[in-house]
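In my numbering, the protein residues as written are 679 to 1195. Built from N, CA and C at the ideal position, the CB exists for glycine as well. Please read all numbers here as calculations on a predicted model, not as lab measurements.
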Ligand code: NOJ
């Protein structure tokens, strides 16, 4: 595992919406470069940029047409190389988004693979051997290609599945995963990785990392073997490169596939969901962090602790504030609730990811029509809100030219407004991240141990190495004796607080408060 991950905090950038510098209404590489000092001053020292490669953008760039060419709307390859250099100068690493499971239907590999005449790329994708035969149990398309067969999809209609082989082969047209054709797909993807790593990129966020081998076993053993092979290549050629999986199963992604990090995404029932996303029958948030929900930390711990303990020697679980696929938590959670949540997410073990704009409380925009295959995700992808100038500082273009409209609310938060407000979430994020960088026990590795998590009470105290984090999301103040905390209070002092907190021979936590000791 690259050592730099121990103190890494990532900032996710949806490039369409971050900063436009050429007035065409869409973000660009030069805009990201311009804002690097902002990201550093916030306390983030690494970036994940959503796919920024040539694409028809039917799924916001997750439909790649050329893996080795930057999308012209963001700039040139040289501009992206310059972004790597400028980021490194400021101590910021950059991960690109690798989409290994599928390409765009316009990728030259697919066009070649679709031809009636057999050729070197005929088996680069998953095809059946007859125009009327589908792919049982998987989505597929027929009637579109000259070739006598149907092809399998990995996600949308525009995203044909690349062929890494089948875990269990039951049809003559299926390729075993150790067949030369399947291995050639993997080698081609390694070459894509080498291309960007050679030009200064620091690693990859891997899209649908578990999706490679079809009809794989329950443990995804064959897919894991592919990633182990990729890891061996990286260890030998790029030992500093970092890989984070979109998998959300740390046993498979970290222990099995040897990823450095695995996202804990918003999947019903998982640890992240228990902390901040659970809804009741009426659609209201009733998770641990929601004031007055009465939810205790048991469900979170039951999900998190065993997975953490099993996998912590192998890699990091990555908590997210949100991402480009998930509704933003504002306004569903209040600013105070998000303060408690983010302070927790940034002090749990592993490597956290902050989604652009969450630090200023950008709001989910549910009313927006779908853009580039976004559907309900579109409302999470609106332009970054910098200041009170035209288009909130995102772009000089006319409003009708913007990629997506900026938040039109008169009180839309901006970096300018939130940095001017002394008790904003923005300042809390800065403060927690500064403390994390100063305290090795709050970084990725230090041991996590629940200290006090009474059943039926909305309260959690956990240790990270020698530090303690106490969270009281409830509406009532609490008083904890040293005995209740296992004698942990002697000689401690408050390093950071949200809301009211005091520490002497007892720890007092006001309603909706958090203390780091
Ligand atoms: C997951 C990505 O996060 C999402 O945005 C995309 O639509 C799918 N994978 C397909 O690539």
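Counted within 10 angstroms of its Cβ, other Cβ atoms place residue i as buried (16 or more) or exposed
i, result
"residue 789", "exposed"
"residue 701", "exposed"
"residue 693", "buried"
"residue 897", "exposed"
"residue 810", "exposed"
"residue 846", "exposed"
"residue 954", "buried"
"residue 927", "buried"
"residue 661", "The requested residue 661 does not occur in the structure, where the chain is confined to residues 679 to 1195."
"residue 652", "Because residue 652 is not part of the residues shown, which for the chain are 679 to 1195, the question remains open."
"residue 763", "exposed"
"residue 1021", "buried"
"residue 1053", "exposed"
"residue 1153", "exposed"
Residues that DSSP places opposite residue i in a beta bridge
i, result
"residue 1180", "1186"
"residue 1091", "According to DSSP, which records beta bridges pairwise, residue 1091 is partnered with nothing at all."
"residue 963", "957"
"residue 945", "DSSP, once it has assigned bridges, lists no residue as partnering residue 945."
"residue 777", "Answer is none; residue 777 lacks a bridge partner."
"residue 997", "942"
"residue 712", "Answer is none; residue 712 lacks a bridge partner."
"residue 844", "854, 892"
"residue 1138", "1149"
Closer than 7 angstroms: residue i CB and nearest the ligand SAM heavy atom
i, result
"residue 1002", "Judged by which ligands are present, the ligand SAM is missing from the structure shown, whose ligands are the ligand NOJ."
Nearest-angstrom Cβ-Cβ length linking residue i and residue j, presumed shorter than 8 angstroms
i, j, result
"residue 1039", "residue 1091", "5 angstroms"
"residue 780", "residue 866", "About 13 angstroms; that fails the 8 angstroms criterion."
"residue 860", "residue 841", "6 angstroms"
"residue 969", "residue 941", "With 8 angstroms as the limit, residue 969 and residue 941 do not qualify as a contact, their Cβ atoms being about 27 angstroms apart."
"residue 1156", "residue 1141", "With a Cβ gap of about 18 angstroms, residue 1156 and residue 1141 do not count as contacting."
"residue 731", "residue 748", "6 angstroms"
"residue 1199", "residue 1005", "Limits of the chain in this structure are 679 at one end and 1195 at the other, which puts residue 1199 out of reach."
Residue nearest to residue i in terms of C-alpha spacing, selected from the options
i, options, result
"residue 1173", "1195, 841, 742, 826", "1195"
"residue 876", "759, 956, 951, 816", "759"
"residue 715", "738, 831, 689", "689"
"residue 1010", "1053, 1026, 962, 1037", "962"
"residue 684", "777, 695, 1078, 724", "724"
"residue 1070", "1035, 1045, 774", "1035"
"residue 799", "863, 828, 813", "863"
"residue 974", "1163, 1096, 1149", "1149"
"residue 931", "1167, 886, 1117, 910", "886"
"residue 1161", "1183, 771, 908", "1183"
Beta-carbon contacts of residue i that lie in its chain and below 8 angstroms, excluding the five residues immediately before and after
i, result
"residue 1002", "690, 692, 728, 738, 1033, 1055, 1058, 1059"
"residue 950", "942, 943, 944, 997, 998"
"residue 855", "842, 843, 844, 845, 891, 900, 903, 904"
"residue 1111", "687, 720, 721, 722, 1024"
"residue 1122", "683, 684, 685, 686, 994, 1027, 1028, 1029"
"residue 1181", "1167, 1170, 1171, 1172, 1193, 1195"
Cut-off 6 angstroms between Cβ atoms - residues of its own chain near residue i, not counting five sequence neighbours on either side
i, result
"residue 680", "918, 920"
"residue 873", "746"
Beta-carbon contacts of residue i that lie in its chain and below 7 angstroms, excluding the five residues immediately before and after
i, result
"residue 835", "819"
"residue 952", "965, 966, 977, 978, 981"
"residue 1144", "1119"
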